[in-house]
Every structure is written in structure tokens, then in C-alpha cells.
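Engineer:
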Amino acid sequence: MKYIIIFCLLIPLILSSQEKKIKYLNENYQEIDKDEFLNGKSSKQYLDLYFESDTLIQCLLVRRKPIGRLNESQFNELKENLSIKDKIEDDLIVIIYYPGKDRCNGMERYSTWNIFDRDYLKKLKKISDISHHWIYKDDENLKYYYQKKIDWKKDNNQFIEKLFFKYHYPCFSCVVIDSKGNYIAYYGEFGKQTVWEIAEELKSI
Numbered sequence: 276m277k278y279i280i281i282f283c284l285l286i287p288l289i290l291s292s293q294e295k296k297i298k299y300l301n302e303n304y305q306e307i308d309k310d311e312f313l314n315g316k317s318s319k320q321y322l323d324l325y326f327e328s329d330t331l332i333q334c335l336l337v338r339r340k341p342i343g344r345l346n347e348s349q350f351n352e353l354k355e356n357l358s359i360k361d362k363i364e365d366d367l368i369v370i371i372y373y374p375g376k377d378r379c380n381g382m383e384r385y386s387t388w389n390i391f392d393r394d395y396l397k398k399l400k401k402i403s404d405i406s407h408h409w410i411y412k413d414d415e416n417l418k419y420y421y422q423k424k425i426d427w428k429k430d431n432n433q434f435i436e437k438l439f440f441k442y443h444y445p446c447f448s449c450v451v452i453d454s455k456g457n458y459i460a461y462y463g464e465f466g467k468q469t470v471w472e473i474a475e476e477l478k479s480i
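In the numbering used here, the protein residues as written are 276 to 480.
#1: Identify whether Lys437 lies in helix, strand or coil by the three-state DSSP scheme.
#2: Would Phe326 pass as a contact of Leu335 if the rule is Cβ separation under 8 Å?
#3: List the endpoints of the continuous beta strand (DSSP E) containing Trp409.
#4: So what does Asp323 bridge to, in DSSP terms?
#5: Per DSSP, what are the beta-bridge partners of Leu300 in this structure?
#6: Using the C-alpha atoms, what's the distance from Gly315 back to Pro287?
#7: Less than 8 Å separating the beta-carbons of Asp430 and Lys412?
#8: Roughly how many angstroms lie between the CA atoms of Gly466 and Cys446, to the nearest whole one?
#9: By the 10 Å Cβ neighbour count, where 16 or more other Cβ atoms means buried, how is Val304 classified, buried or exposed?
#10: Opposite Cys449 in the DSSP bridges: which residues?
#11: Thinking just about the alpha-carbon of each residue, which of Tyr299, Gly343, Ser328 and Ile371 is nearest to the one in Leu322?
#12: Among Glu311, Ile459, Tyr444 and Lys455, which has the Cα closest to the Cα of Asp377?
#13: DSSP state of Ile473, grouped into three classes?
#14: Cutting at 8 Å between CB atoms, please list the residues of its own chain near Glu436, excluding the five before and the five after it.
#15: Mind reading off the beta-carbon distance from Asp453 to Ile473? Whole number of angstroms is fine, and I expect it under 8 Å.
#16: By DSSP, does Arg344 sit in helix, in strand, or in coil?
#17: Mapping the DSSP letters down to three states, classify Lys423 as helix, strand or coil.
#18: Under the rule that 16 or more other beta-carbon atoms within 10 Å means buried, what is Tyr420, buried or exposed?
#19: In this structure, how does DSSP classify Lys397 when only helix, strand and coil are distinguished?
#20: I'd like to confirm the pairing. Which residues does DSSP put opposite Lys428 in its beta bridges?
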């Protein structure tokens, strides 16, 4: 009976030690309340990411479509990294980024994603002259994304990741950059229409 009483007294302590603190954060790592996080999560404008440690769960809300501008040094380094030697006048640089296998892109069959449709590049080239790049961080499962047909390039030293894709966003991400260094990225699952729309938006700036 004594052991039963001791065990019952220990149960609340065990349960409390297993409970993790939950923090809700915006993309600037500022704490926000749960309602603001849930409202953002339900919007198409934001993507929710989660990071867990032994004592803490961080729920991070980030904009899916960030807009920015590279400085001259960053832009020149980007062109060097992508081996772009010719001078870019009105061209757009388009990067499709594969972060590695995850729950979203981890199916083990050849992809039917419309980014591989024949009209994807054809229409993109009607919008602008382009320098198109397929970049990956980790090649696990990449074979299902036409690795033998598409010239996938390794993101050496995680340069592209550090410049545009701070976190592992599910599925794929993309970024389009104009000749002045202006860029629009899109995090997470998207289709060819998204790239076309971003390209048209950048051309209108």
C-alpha cells in the first residue's frame, strides 16, 4: 500500500516534467499570442514551422512570399555561385530549390508536379529571358524528380539556402531575381503558375 501511495504522488511530477513549453513566434522571432499564430496559419499568406527541443516547442509563422533586394556584393556572389558569366540585362534568374526529403516531397514514385510540364519553361521564356537553375541541398529522393533529365546542382556550402531559404520549408521553394537584385521568393508547395506570376510581377517593377 505504501508503494502505491508513493507512485500516485509521483505521477503529477512525471507528467509535469514531460510537458513542454510552447512559444509562438513571428518571422522576426518576436513572441506572438496563440490566436495571432492560428489566424496566420489559416491564411495562405503564411507558413507554419515547428521546432522541438527537450523542453520547448517553437511555433514559427513566416510569410510565404517574401520580397527583398540583394546588395551588389550579394548579387555578384550569387551570379558567381550559379556560374553566370554573361552580363545580365533584363534577364530573370529563376531558382527552384529542393531542401531534401520531407513528408511533403517524400513519395517514392516519379513526380507529376506541373513544374515539369513542357509548357513551364516555354511560357516562362515568353515573360522574360531567363537564367534557370535547379538547386538541391540533399539528394535523398531526388531521383523521383527527374534527376537524369534535369541538371540539378548541389547547393555548395549552402549558399543559396543561407541567402534565401533560412529554414527547411516543406516540399520545394523558389525565388526569382531581376537584374537589379530585386527578388521575390515563395516558400513551400507551389506550382508553375506561381513562378509565372512572380516573374510577371518582377518585370513590372
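From the three backbone atoms N, C-alpha and C, an ideal C-beta is built for every residue, glycine too.
Only a predicted model underlies this, so the values are computations on that prediction, with no experimental measurement involved.
Structural biologist: In this structure, then:
#1: Working through the sequence shown from its first residue, we reach residue 437 at position 162. Lys437 falls in the helix class under three-state DSSP.
#2: On the sequence shown, residue 326 is found 51 positions in, with the first residue counted as 1. On the sequence shown, residue 335 is found 60 positions in, with the first residue counted as 1. A contact, by the Cβ cut-off of 8 Å.
#3: Walking along the sequence shown from the start, residue 409 turns up at place 134. Per DSSP, Trp409 belongs to the beta strand (DSSP E) from Ile405 to Tyr411.
#4: Along the sequence shown, read from residue 1 onward, the residue named residue 323 stands at position 48. DSSP, once it has assigned bridges, lists Leu336 as partnering Asp323.
#5: Position 25 of the sequence shown, counted from the start, is the residue given in the question as residue 300. Per DSSP, Glu306 and Leu335.
#6: For the purposes of this step, residue 287 is identified with residue 12 of the sequence shown, where counting begins at 1. For the purposes of this step, residue 315 is identified with residue 40 of the sequence shown, where counting begins at 1. The pLDDT assigned to Pro287 is 48, lower than 50, so where the model puts this residue is not dependable, and the model offers no usable value.
#7: Against the sequence shown, residue 430 aligns to sequence position 155. Against the sequence shown, residue 412 aligns to sequence position 137. Using a Cβ distance threshold of 8 Å, Asp430 and Lys412 count as a contacting pair.
#8: Against the sequence shown, residue 466 aligns to sequence position 191. Against the sequence shown, residue 446 aligns to sequence position 171. Each residue's Cα considered, the two are about 11 Å apart.
#9: Within the sequence shown, residue 304 is the residue found at index 29, counting from 1. Reading off the sequence shown, one finds Tyr at residue 304, where the question assumed Val. By the beta-carbon neighbour count (other beta carbons within 10 angstroms, threshold 16), Tyr304 is exposed.
#10: Position 174 of the sequence shown holds residue 449. DSSP output for Cys449 lists Ile371 and Tyr461 as bridge partner(s).
#11: Position 47 of the sequence shown holds residue 322. The shortest C-alpha separation from Leu322 is found at Tyr299.
#12: The sequence position of residue 377 within the sequence shown is 102, counting from 1. Tyr444 is the residue among Glu311, Ile459, Tyr444 and Lys455 whose C-alpha sits nearest the C-alpha of Asp377.
#13: For this step, residue 473 is matched to residue 198 along the sequence shown. In this structure, Ile473 counts as helix in the three-state DSSP scheme.
#14: Position 161 of the sequence shown holds residue 436. Cβ within range, chain order: Tyr372, Pro374, Lys412 and Asp430.
#15: Against the sequence shown, residue 453 aligns to sequence position 178. Against the sequence shown, residue 473 aligns to sequence position 198. With a Cβ gap of about 10 Å, Asp453 and Ile473 do not count as contacting.
#16: For the purposes of this step, residue 344 is taken as the residue at position 69 of the sequence shown. Under the three-state reduction of DSSP output, Arg344 falls in the strand class.
#17: Looking up residue 423 in the sequence shown gives position 148. The answer is coil: DSSP assigns Lys423 none of H, G, I, E or B.
#18: The residue labelled residue 420 in the question sits at position 145 within the sequence shown. Under this definition Tyr420 is a buried residue.
#19: Along the sequence shown, read from residue 1 onward, the residue named residue 397 stands at position 122. Reduced to three states, the DSSP call for Lys397 is helix.
#20: Position 153 of the sequence shown, counted from the start, is the residue given in the question as residue 428. DSSP output for Lys428 lists Ile410 as bridge partner(s).
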